[in-house]
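A.B. asks: Below are the structure tokens for one structure; questions will follow.
4 protein chains.
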Amino acid sequence: MAMTQRRLAGRRPERRSQEKYEAILDAATAMVSARGYRAATVEAVAARAGVGKQTIYRWWPNKAALYVEVYAALVPAARLQVEAGDLTAELRHCLRQLFQIYREGPAASILVGLIADAQDEPAAAEAIRQGLIVGRRALLLEPMRQAIKRGQLPEDFDCERACDLIVALIWYRLLSGQRGPDDDFVETLIDMALRSSG
Amino acid sequence: MAMTQRRLAGRRPERRSQEKYEAILDAATAMVSARGYRAATVEAVAARAGVGKQTIYRWWPNKAALYVEVYAALVPAARLQVEAGDLTAELRHCLRQLFQIYREGPAASILVGLIADAQDEPAAAEAIRQGLIVGRRALLLEPMRQAIKRGQLPEDFDCERACDLIVALIWYRLLSGQRGPDDDFVETLIDMALRSSG
Amino acid sequence: MAMTQRRLAGRRPERRSQEKYEAILDAATAMVSARGYRAATVEAVAARAGVGKQTIYRWWPNKAALYVEVYAALVPAARLQVEAGDLTAELRHCLRQLFQIYREGPAASILVGLIADAQDEPAAAEAIRQGLIVGRRALLLEPMRQAIKRGQLPEDFDCERACDLIVALIWYRLLSGQRGPDDDFVETLIDMALRSSG
Amino acid sequence: MAMTQRRLAGRRPERRSQEKYEAILDAATAMVSARGYRAATVEAVAARAGVGKQTIYRWWPNKAALYVEVYAALVPAARLQVEAGDLTAELRHCLRQLFQIYREGPAASILVGLIADAQDEPAAAEAIRQGLIVGRRALLLEPMRQAIKRGQLPEDFDCERACDLIVALIWYRLLSGQRGPDDDFVETLIDMALRSSG
DNA sequence: TGGTAATCGAGACGGTACGTCCCGTCTTAAG
DNA sequence: CTTAAGACGGGACGTACCGTCTCGATTACCA
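Residue numbers (the working numbering), protein chains in the order written: chain A, 1 to 198; chain B, 199 to 396; chain C, 397 to 594; chain D, 595 to 792.
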């Protein structure tokens, strides 16, 4: 999202065709839904979008960067946030919304594919770190910090640890191919997170 | 270790050359160490082992199955087990040994590569589930169950949940490319596992 | 020199910037000298001239047409003509001058590139025929015809045949990548041309 | 034909599939006939031959090398040679046969394409020099040398020059896109060659 | 002199081919 | 009959240019 890749430094994104841009993201989304992350090659996405391969490579350095953007579009932060004044309620909202999105569309497949890609493509790893981890963490961390301020959590509660726990368990559930993430899982996550320290 | 693949039923594994078999596992291990999991293609492993590609495909259905076996050899269950009569001591021993192995050699890279492969190759997924999850889980579960029997853990302690938590956090640490697994992490894991329910 | 392209009839060439026009020809010349005819793509010439690609395509239908013009500028007819009253002297002057030009700059590379391009681009073939053959032939034919009139050559001397012979041998020497055209070659050409019929 | 390219040094041509080899040469021939030399891309030839691209690149370093071999197959030296005891008869036979082949199939197109390719691909240039010039020259030179021995040509007749003249005029006729090579042209060539020195 | 139209640079665009890599299967010759 | 060596069809990679097109920003003509 941040367009920080060196090789795109000179590009002027305002010149990019909005139409093509959307066609590419749409095609990428559709391809994953239809045939899975691996089969959603740059070549296939380009063909489906009615676009030259170069047009994709012009704006994204690799498949991972493209799909970080697709993921971000599918999982808008706004949809996960809520101000409830109550930690459990806020986490419940965030996670239920997230899992709903995972169940509705290909976002989970994309996340899993990106994690896989990241293992041997440093560029992909960086794209993920920047696009998914850094930005998204606050969605969980912030409510916890607020809760401490409000006195709903002990002062020494380890927010980072709780946050890692939640993300780790979600990743594990997706990666190990167990049942999809459901609302029961939300309660388990919240329960475990709140117990994790303090 | 050998002969778990159903599809090789008709073959006569006794005819497999023990020498070549070891050469292949050694080459596979060396390749991952030297160039990483992705670059350790079947082609490259065969070349390094001085073996035809077909010889690998004859005995393993795919790269993942081969590396499940390499992983199992690198992380022998025996090295992780200990009978201490104390849950914390047993978990500490198991996890410290595991992390030591991860730090010494390519086992962690292999695990991560396998997880990645599993995402779009059902065969790889199955190989992992059979080879890594099913068998390995007992190493954590058993000590916990014993601890319940000994009264060191409450009756209603959720061993599965605690076990998932440990594995999930290990995977997350490896996959997210944070710092390697160290002895501090062992203590964190034990602490979190023991808090996770009850 | 300008405005021979029929297809530009509707344009008003007087609006073409003389400055840009020369910058393009200069860049085209420089590119061939520096990197050869093939590498002197329209894209590269435009970049070197500090000009948009479209500006080139606006005034020349294709690369060949552009280089016919560059060639014509590098090999001005005036430099090859002389009125000596003696066929051998006139041919010698013409050919020596031509070879000197070939040795000095990229004209030979351009000629060879154009011949190559002409083989599968009818447009290039036509550009060559119009720009190089039709106009240039007279430089050799005229002196021969004068020589016949002066009685220095037999009445039945086949000027066309002699002319073809000279051009063919020059092309062959350039195309076959043998030694460059030198003054010895001039004498060979004249000798062979004068023997070719009669 | 000589398989002297460095990068093929390690290959063992006896392992090449004769069937595929012929399919490739056939497809290459057919492609030139059907769509011309330029359009006969390696990709298109591979597709038409029902072969992977790699299979072509495995045995030929580039398109030019492939087509040198196609040309050699289309214009077998045996078909051009004859022992007549008479120079004119031998040259006439050679050239008439050659032109017949040019008129029948795509050999001329290939020659022209190769000459064009040679201008900016040193590899192609070398393939041509080795495959076409070095080997083929003897077909013209030998009869001339025999004629000198038999006293049918003066001792000081310059065979090289005569040979260059013939080849140059053939190339020129093909390259300049004039009328195809016919039997009249054979007589012109012989006449000019015999006059060219001595 | 201000409007308007063409030209300009820059470069995005769909497309085609490139030459390389590796997959998993098939073939060959040596042992 | 097994082996190593590696050829094979296939599919995707990421790059290079092609020739066309779309942008604003000049520029030059004409009203």
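Just so you know, even glycine gets a beta-carbon here, dropped at the ideal spot from N, CA and C. All values reported here derive from a predicted model rather than from experimental measurement.
May I ask which residues mark the beginning and end of the alpha helix (DSSP H) holding residue 341 (chain B)?
C.D. replies: Walking along the second sequence from the start, residue 341 (chain B) turns up at place 143. Residues 333-347.
A.B. asks: When the cut-off is 7 Å and only beta carbons count, does residue 773 (chain D) lie next to chain C?
C.D. replies: Residue 773 (chain D) sits at position 179 when you count from the first residue of the fourth sequence. Residue 773 (chain D) does not count as touching chain C.
A.B. asks: Would you call the stretch 174-181 of chain A and the stretch 79-93 of chain A touching, i.e. three or more CB-CB distances under 8 Å?
C.D. replies: As far as the Cβ criterion goes, the stretch 174-181 of chain A does not touch the stretch 79-93 of chain A, which means the pair count is below three.
A.B. asks: Could you tell me whether any Cβ in chain B is nearer than 7 Å to the Cβ of residue 120 (chain A)?
C.D. replies: Numbered from its first residue, the first sequence carries residue 120 (chain A) at position 120. Yes, because at least one Cβ of chain B sits closer than 7 Å to the Cβ of residue 120 (chain A).
A.B. asks: Thinking C-alpha only, which one of A:144, A:179, A:178 and A:150 is nearest residue 197 (chain A)?
C.D. replies: Position 197 of the first sequence, counted from the start, is the residue given in the question as residue 197 (chain A). Cα-wise, what sits closest to residue 197 (chain A) is A:144.
A.B. asks: So, is the C-beta of residue 388 (chain B) closer than 7 Å to a C-beta in chain A?
C.D. replies: For the purposes of this step, residue 388 (chain B) is taken as the residue at position 190 of the second sequence. Residue 388 (chain B) does not count as touching chain A.
A.B. asks: Please state the DSSP three-state secondary structure of residue 429 (chain C).
C.D. replies: Within the third sequence, residue 429 (chain C) is the residue found at index 33, counting from 1. Helix, per DSSP.
A.B. asks: Note the first and the last residue of the continuous alpha helix (DSSP H) segment covering residue 518 (chain C).
C.D. replies: Stepping through the third sequence from its first residue, residue 518 (chain C) is reached at position 122. For residue 518 (chain C), the enclosing alpha helix (DSSP H) starts and ends at 518-524.
A.B. asks: Alpha carbon to alpha carbon, how far is residue 238 (chain B) from residue 514 (chain C)?
C.D. replies: For the purposes of this step, residue 238 (chain B) is taken as the residue at position 40 of the second sequence. For the purposes of this step, residue 514 (chain C) is taken as the residue at position 118 of the third sequence. Roughly 48 Å between the two C-alpha positions.
A.B. asks: What would DSSP say about residue 356 (chain B), mapped onto helix, strand or coil?
C.D. replies: Residue numbering aside, residue 356 (chain B) sits at position 158 when the second sequence is read from its first letter. DSSP places residue 356 (chain B) in coil when its eight states are reduced to three.
A.B. asks: Of all Cβ atoms in chain C, is any one closer than 7 Å to the Cβ of residue 704 (chain D)?
C.D. replies: Indexing the fourth sequence from 1 puts residue 704 (chain D) at position 110. Using a Cβ-Cβ cut-off of 7 Å, residue 704 (chain D) does not count as an interface residue toward chain C, since no Cβ of chain C sits closer than that to its own.
A.B. asks: Near residue 622 (chain D), what residues of its chain come up, given a Cβ to Cβ distance below 7 Å and the 5 sequence neighbours on each side ignored?
C.D. replies: Mapped onto the fourth sequence, residue 622 (chain D) falls at position 28. Contacts found: 634, 639, 660, 661 and 664.
A.B. asks: Go ahead and pull the three-state DSSP assignment for residue 15 (chain A).
C.D. replies: Here residue 15 (chain A) corresponds to residue number 15 of the first sequence, with the count starting at 1. Reduced to three states, the DSSP call for residue 15 (chain A) is helix.
A.B. asks: Just the chain B side, please: which residues come within less than 9 Å of residue 115 (chain A) by C-beta, in chain order?
C.D. replies: For the purposes of this step, residue 115 (chain A) is taken as residue 115 along the first sequence, with counting starting at 1. Ordered by position in chain B, the residues that pass the 9 Å Cβ test against residue 115 (chain A) are 313, 314, 317, 373 and 374.
A.B. asks: In chain A, which residues lie less than 9 Å from residue 369 (chain B) when you measure between Cβ atoms?
C.D. replies: The residue given as residue 369 (chain B) occupies position 171 in the second sequence. By Cβ distance, chain A contributes 168, 171, 172, 175 and 176.
A.B. asks: Excluding five sequence neighbours on each side, which residues of the same chain lie with their C-beta closer than 7 Å to the C-beta of residue 507 (chain C)?
C.D. replies: The residue you call residue 507 (chain C) lines up with position 111 of the third sequence. Taking residue 507 (chain C) as the centre and dropping the five residues before and after it, the same chain places the C-beta of 467 and 570 closer than 7 Å to its C-beta, in chain order.
A.B. asks: Do you know how far the Cα of residue 190 (chain A) is from the Cα of residue 357 (chain B)?
C.D. replies: For this step, residue 357 (chain B) is matched to residue 159 along the second sequence. For this step, residue 190 (chain A) is matched to residue 190 along the first sequence. C-alpha separation (whole angstroms): 18 Å.
A.B. asks: Would you mind reading off the limits of the alpha helix (DSSP H) that contains residue 97 (chain A)?
C.D. replies: For the purposes of this step, residue 97 (chain A) is identified with residue 97 of the first sequence, where counting begins at 1. First-last of the alpha helix (DSSP H) with residue 97 (chain A): 87-104.
A.B. asks: Which chain D residues sit within Cβ distance under 7 Å of residue 521 (chain C)?
C.D. replies: Position 125 of the third sequence holds residue 521 (chain C). Around residue 521 (chain C), the beta-carbon contacts reaching into chain D at under 7 Å are 771.
A.B. asks: Measure the C-alpha to C-alpha separation of residue 699 (chain D) and residue 26 (chain A) and round it to an integer number of angstroms.
C.D. replies: Counting from 1 along the fourth sequence, the entry for residue 699 (chain D) is found at position 105. Counting from 1 along the first sequence, the entry for residue 26 (chain A) is found at position 26. Each residue's Cα considered, the two are about 50 Å apart.
A.B. asks: Helix, strand or coil, according to DSSP, for residue 153 (chain A) in the structure here?
C.D. replies: Residue 153 (chain A) sits at position 153 when you count from the first residue of the first sequence. Coil, per DSSP.
A.B. asks: Would you mind telling me which residues of chain A sit closer than 8 Å to residue 329 (chain B), beta carbon to beta carbon, in chain order?
C.D. replies: As a first step, residue 329 (chain B) is located in the second sequence; it is residue number 131 there, counting from the start. By Cβ distance, chain A contributes nothing, its closest Cβ being about 13 Å from residue 329 (chain B), past 8 Å.
A.B. asks: Please tell me whether residue 592 (chain C) has its Cβ less than 7 Å away from any Cβ of chain D.
C.D. replies: On the third sequence, position 196 is the one that residue 592 (chain C) refers to. Answer yes: the Cβ-Cβ gap between residue 592 (chain C) and chain D drops below 7 Å somewhere.
A.B. asks: With 9 Å as the C-beta to C-beta threshold (strictly closer), list the residues of the stretch 477-497 of chain C near chain D in chain order.
C.D. replies: Sequence-ordered contacts of the stretch 477-497 of chain C with chain D are nonexistent [C-beta pairs closer than 9 Å].
A.B. asks: Distance, Cα to Cα, residue 520 (chain C) vs residue 788 (chain D)?
C.D. replies: The sequence position of residue 520 (chain C) within the third sequence is 124, counting from 1. The sequence position of residue 788 (chain D) within the fourth sequence is 194, counting from 1. Distance between the alpha carbons of residue 520 (chain C) and residue 788 (chain D) is about 35 Å.
A.B. asks: Compile a chain-ordered list of the residues in the stretch 136-159 of chain A whose CB is closer than 7 Å to at least one CB of chain B.
C.D. replies: none
A.B. asks: Determine the contact status of residue 544 (chain C) and residue 553 (chain C), defining contact as a CB-CB distance below 7 Å.
C.D. replies: For the purposes of this step, residue 544 (chain C) is identified with residue 148 of the third sequence, where counting begins at 1. For the purposes of this step, residue 553 (chain C) is identified with residue 157 of the third sequence, where counting begins at 1. In contact: residue 544 (chain C) and residue 553 (chain C) (Cβ atoms closer than 7 Å).
A.B. asks: With distances taken from CA atoms, which of C:530, C:548 and C:579 is nearest residue 498 (chain C)?
C.D. replies: Reading the third sequence from its first residue, position 102 is the one you call residue 498 (chain C). It is C:579 whose Cα lies nearest to the Cα of residue 498 (chain C).
A.B. asks: Quick one: which residues of the stretch 619-653 of chain D get their C-beta closer than 9 Å to a C-beta of chain C? List them in chain order.
C.D. replies: 630, 631, 632 and 633
A.B. asks: Please list the partners that residue 362 (chain B) has in chain A, where partner means a Cβ-to-Cβ separation under 8 Å.
C.D. replies: Here residue 362 (chain B) is taken as the residue at index 164 of the second sequence, counted from 1. The answer, in chain order, is 169 and 172.
A.B. asks: Residue 415 (chain C): buried (16+ other C-beta within 10 angstroms of its C-beta) or exposed?
C.D. replies: For the purposes of this step, residue 415 (chain C) is taken as the residue at position 19 of the third sequence. Label assigned to residue 415 (chain C): exposed.
A.B. asks: Rounded to whole angstroms, how far is the Cβ of residue 234 (chain B) from the Cβ of residue 307 (chain B), which I believe are closer than 8 Å?
C.D. replies: Along the second sequence, one-based indexing puts residue 234 (chain B) at 36. Along the second sequence, one-based indexing puts residue 307 (chain B) at 109. Correct: roughly 6 Å between the Cβ atoms.
A.B. asks: Using only the alpha-carbon positions, how far apart do residue 376 (chain B) and residue 384 (chain B) sit?
C.D. replies: The residue labelled residue 376 (chain B) in the question sits at position 178 within the second sequence. The residue labelled residue 384 (chain B) in the question sits at position 186 within the second sequence. The alpha-carbon atoms of residue 376 (chain B) and residue 384 (chain B) are separated by roughly 15 Å.
A.B. asks: Would you grab the beta carbon distance between residue 642 (chain D) and residue 671 (chain D) for me? Rounded to a whole angstrom, and I think it's under 8 Å.
C.D. replies: The sequence position of residue 642 (chain D) within the fourth sequence is 48, counting from 1. The sequence position of residue 671 (chain D) within the fourth sequence is 77, counting from 1. Contact flag wrong, Cβ pair sits at about 27 Å.
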